[in-house]
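Q:
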Amino acid sequence: MTETLGVASSVIAVVDLSAKVFSLCLQYSREVKNAKDDIDRLHKEVAAFQDTTEKLKALLEEPRGRELKASQQLLSAIEDGHSMLGRLEHQLRPSTGRKAMRRFGVRALKWPFESKDVEGTIQNLERCRGNVSDAIRKMAAELMRIRSSVILQNVDDRTTLNQLPIAHGASFDSKAEEHNPTCLPNTRQELLDNIDRWIDDTNSKTVYYTRLAYCDITR
Numbered sequence: 065m066t067e068t069l070g071v072a073s074s075v076i077a078v079v080d081l082s083a084k085v086f087s088l089c090l091q092y093s094r095e096v097k098n099a100k101d102d103i104d105r106l107h108k109e110v111a112a113f114q115d116t117t118e119k120l121k122a123l124l125e126e127p128r129g130r131e132l133k134a135s136q137q138l139l140s141a142i143e144d145g146h147s148m149l150g151r152l153e154h155q156l157r158p159s160t161g162r163k164a165m166r167r168f169g170v171r172a173l174k175w176p177f178e179s180k181d182v183e184g185t186i187q188n189l190e191r192c193r194g195n196v197s198d199a200i201r202k203m204a205a206e207l208m209r210i211r212s213s214v215i216l217q218n219v220d221d222r223t224t225l226n227q228l229p230i231a232h233g234a235s236f237d238s239k240a241e242e243h244n245p246t247c248l249p250n251t252r253q254e255l256l257d258n259i260d261r262w263i264d265d266t267n268s269k270t271v272y273y274t275r276l277a278y279c280d281i282t283r
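Going from the sequence shown to the numbering used here is simple: count from 1 and add 64.
#1: Roughly how far, in whole angstroms, is the beta-carbon of valine 182 from the beta-carbon of aspartate 102, given that I think they are within contact range, below 8 Å?
#2: I'd like to know if the region 92-99 and the region 133-140 are in contact, where contact means that at least 3 CB-CB pairs between them fall below 8 Å.
#3: Could you spell out where the alpha helix (DSSP H) holding glycine 150 opens and where it closes?
#4: First and last residue of the alpha helix (DSSP H) that includes leucine 123?
#5: Is valine 96 helix, strand or coil by DSSP?
#6: Please confirm whether valine 79 and glutamate 153 have their CB atoms less than 8 Å apart.
#7: Mind checking serine 82: buried by the 16 CB within 10 Å criterion, or exposed?
#8: Could you round the C-beta distance between leucine 156 and proline 176 to whole angstroms and report it? I think they count as a contact, below 8 Å.
#9: Answer yes or no: do valine 71 and threonine 117 have a C-beta to C-beta separation smaller than 8 Å?
#10: Contact check, asparagine 188 vs alanine 141 under 8 Å by CB: the rounded distance?
#11: Does DSSP put asparagine 250 in a helix, in a strand, or in coil?
#12: Who are the Cβ neighbours of glutamate 125 in its own chain at under 8 Å, not counting the five residues just before and after it?
#13: CB-CB under 8 Å to leucine 123, same chain, minus the five flanking residues each way: which ones, in chain order?
#14: Measure the alpha-carbon distance for leucine 106 versus lysine 121 and round it to whole angstroms.
#15: If we ignore side chains and look at the alpha-carbon of each, how far apart do lysine 119 and arginine 193 end up?
#16: Short of 8 Å in beta carbon distance, which residues of its chain neighbour asparagine 98, apart from the five on each side in sequence? Order them along the chain.
#17: According to DSSP, simplified to helix, strand and coil, what is aspartate 198?
#18: Nearest to isoleucine 186 by alpha carbon, out of Ser159, Arg151, Glu178 and Val110?
#19: Could you tell me the distance, in whole angstroms, from the CA atom of serine 147 to the CA atom of tryptophan 262?
#20: Return yes when the Cβ of glycine 150 is within less than 8 Å of the Cβ of phenylalanine 113, no when it is not.
#21: Pull up the distance between the alpha-carbon of leucine 88 and that of aspartate 198, whole angstroms please.
#22: Looking only at its chain, what residues have a beta carbon closer than 8 Å to the beta carbon of lysine 100, apart from the 5 residues adjacent to it on each side?
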């Protein structure tokens with residue numbers, strides 16, 4: 065679980081960073097005219113990368129998503145993606161001087177990449193995105209397996225409970241206890257309802273913890 069939490073935090077960082085790069089590309093596409101094709105291509109790939117990492121983030125946030133194990137391929141892809149996006153964000157971020165020029169209405173943005181650099185960056189992002197997509201497919205299949213296993217376990221638990229012997233003398237209004245103080249109707253009903261929900265909930269924990277249940281007594 066600790067490893068998955070680490071992956072989840074890394075994925076969130078990549079999603080946030082890709083959003084920043086996406087916004088910068090959009091800014092360049094509006095203000096720079098001499099490299100429009102390169103800007104648009106990089107813009108689209110960053111958007112695709114952001115979409116893929118958001119799908120991974122959603123998968124990890126699924127109930128029982130923390131039980132998923134991240135592959136070394138995924139860890140490397142997330143690390144590489146974060147590194148590439150970090151460099152892009154640094155290179156695309158306008159300098160202080162250019163920000164000042166923009167305040168005076170001067171178009172100061174200049175596209176910092178050659179076409180060959182853009183092509184190489186796009187290919188690297190595509191490779192990372194492909195590795196993340198492969199990991200998503202495998203992890204989604206693993207999540208389905210975990211859910212199926214939990215459902216089967218819950219069916220077994222329900223069957224086991226149905227086979228337990230009934231303590232007839234302990235039931236409400238039992239004649240065997242008519243001379244003793246008796247429980248009020250619906251005593252422990254909330255506890256029993258909670259146990260039923262715990263059994264039926266595929267996302268519940270394996271062990272059900274409860275405190276000592278007290279009866280309301282009719283004197």
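Glycine is no exception: its CB is placed at the ideal position from the N, C-alpha and C atoms.
A: The structure says:
#1: Contact between valine 182 and aspartate 102 holds, with the beta-carbon distance rounding to 4 Å and staying under 8 Å.
#2: Because the criterion of three Cβ pairs below 8 Å is not met, the region 92-99 and the region 133-140 do not touch.
#3: Segment 136-156, the alpha helix (DSSP H) holding glycine 150.
#4: Residues 100-124.
#5: DSSP places valine 96 in coil when its eight states are reduced to three.
#6: Result no, Cβ atoms of valine 79 and glutamate 153 do not sit closer than 8 Å.
#7: Looking at its Cβ environment, which holds 16 or more other Cβ atoms inside 10 Å, serine 82 is buried.
#8: Sure, about 7 Å apart at Cβ, within 8 Å.
#9: It is not a contact, given that the beta carbons lie outside the stated cut-off.
#10: Distance from asparagine 188 to alanine 141 at the Cβ level is roughly 11 Å; contact not present, criterion being Cβ atoms closer than 8 Å.
#11: In the three-state scheme derived from DSSP, where H, G and I count as helix and E and B as strand, asparagine 250 is classed as coil.
#12: Cβ within range, chain order: Ala72.
#13: Taken in chain order, the residues that qualify are Gly129, Leu132, Ile200, Met203, Ala204 and Leu207.
#14: Taking the straight line joining both Cα atoms gives about 22 Å.
#15: Arginine 193 has its alpha-carbon roughly 11 Å from the corresponding atom of lysine 119.
#16: So the list reads Trp175, once near-sequence residues are dropped.
#17: Residue state, collapsed to three classes: helix.
#18: Nearest neighbour of isoleucine 186 by Cα position, chosen from Ser159, Arg151, Glu178 and Val110, turns out to be Val110.
#19: CA-to-CA, the gap between serine 147 and tryptophan 262 works out to about 43 Å.
#20: The criterion of a C-beta distance shorter than 8 Å is not satisfied by phenylalanine 113 and glycine 150.
#21: Each residue's alpha carbon lies about 28 Å from the other.
#22: So the qualifying residues of the chain are Ser93.
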